[in-house]
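Okay, so the sequence shown: first residue is 5 according to this note's numbering, each after it adds one.
Glycine is no exception: its CB is placed at the ideal position from the N, C-alpha and C atoms.
Okay, so here's the structure we're looking at.
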Amino acid sequence: MIAQGQVLVAGVGNIFLGDDGFGSEVARRLSARALPDGVRVVDYGIGGIHLAYDLLAGVELLVLIDAVPRGVAPGTVSLVEVVADDDLRGGTVDSHAMDPATVFASLRALGGAMPPTVVVGCEPADTEERMGLSPPVAAAVEPTVEQILALLAERADAPTPAVVDRS
């Protein structure tokens, strides 16, 4: 279970669809690394509803790792801060779907709200039915791990915002 105030790093994707397994592989490697206090890494695979339930606890930050087709060179990694779940088109509630829009639609349906979110997406080369990442996506895994570790370290070093009691 995710504790309130934690940072959740969520790897998502289907390892049986080639490069769609990018998020799972990055999460696997991150899990083996030293992480700042309060950071939890979970490979959700295709279990979008499980991620939605974990988000109900009220995480401080969600880092979502996924294969994201954007029309750039395969293996290109992008960090996108999601301001509102409307930024993620689509979003019908489907307990087996794993795209971010569906996860946030499920979260809303459960009575929750989207936390501050950063999507770390890698351009896939091949999402056909097969196991294993293509060479350009496999080459992006370790640099992505380092990029996420830097993001987490930067966040850990940032001053904590002051709490103002307005009662």
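How many Å lie between residue i and residue j at the Cα?
{"i": "residue 154", "j": "residue 34", "result": "12 Å"}
{"i": "residue 115", "j": "residue 18", "result": "27 Å"}
{"i": "residue 72", "j": "residue 130", "result": "12 Å"}
{"i": "residue 204", "j": "residue 38", "result": "Within the shown structure, residues of the chain are numbered from 5 to 171, placing residue 204 beyond reach of any answer."}
{"i": "residue 79", "j": "residue 147", "result": "11 Å"}
{"i": "residue 143", "j": "residue 150", "result": "13 Å"}
{"i": "residue 42", "j": "residue 118", "result": "19 Å"}
{"i": "residue 156", "j": "residue 65", "result": "10 Å"}
{"i": "residue 161", "j": "residue 40", "result": "10 Å"}
{"i": "residue 159", "j": "residue 84", "result": "16 Å"}
Mark residue i as exposed unless 16 or more other C-beta atoms lie within 10 angstroms of its C-beta, in which case mark it buried.
{"i": "residue 135", "result": "exposed"}
{"i": "residue 139", "result": "exposed"}
{"i": "residue 104", "result": "buried"}
{"i": "residue 177", "result": "Nothing about residue 177 can be read from this structure; the chain reaches only from 5 to 171."}
{"i": "residue 109", "result": "buried"}
Between residue i and the rest of its own chain, which residues show a CB-CB distance below 8 Å, the 5 nearest in sequence each way excluded?
{"i": "residue 137", "result": "22, 23, 25, 26, 29 and 145"}
{"i": "residue 60", "result": "111, 114, 115 and 116"}
{"i": "residue 32", "result": "15 and 47"}
{"i": "residue 76", "result": "82 and 127"}
{"i": "residue 74", "result": "80, 82, 125 and 127"}
{"i": "residue 152", "result": "13, 30, 34, 67, 69 and 124"}
So, is the C-beta of residue i closer than 8 Å to a C-beta in chain B?
{"i": "residue 118", "result": "In the structure shown, chain B cannot be found, because there is only a single protein chain."}
If you drop the 5 nearest sequence neighbours on each side, which residues of the same chain put their C-beta closer than 7 Å to that of residue i?
{"i": "residue 133", "result": "20 and 21"}
{"i": "residue 121", "result": "66, 68 and 86"}
{"i": "residue 141", "result": "23, 26, 78, 79, 126, 128 and 129"}
Spatial neighbours of residue i within its chain, please: CB distance less than 6 Å, with the 5 preceding and 5 following residues excluded, ordered by chain position.
{"i": "residue 45", "result": "13, 31, 34 and 35"}
Report task. Go through the region 33 to 75 residue by residue and report every complete run of the beta strand (DSSP E) that reaches 3 residues or more, in order. Result -> Unbroken beta strand (DSSP E) runs of no fewer than 3 residues, entirely contained in the region 33 to 75, are found at 43 to 49 and 65 to 71, following chain order.
Query - At least three beta-carbon pairs within less than 8 Å, the region 18 to 30 to the region 55 to 63 - result: Segments in contact, no.
Query raised in the report: Are three or more beta carbon pairs between the region 64 to 71 and the region 115 to 126 nearer than 8 Å?
Result: Flag = yes, the region 64 to 71 and the region 115 to 126 touch.
Query raised in the report: Quick one: complete alpha helix (DSSP H) runs, 4+ long, within the region 102 to 135?
Result: Qualifying alpha helix (DSSP H) stretches, in chain order: 104 to 113.
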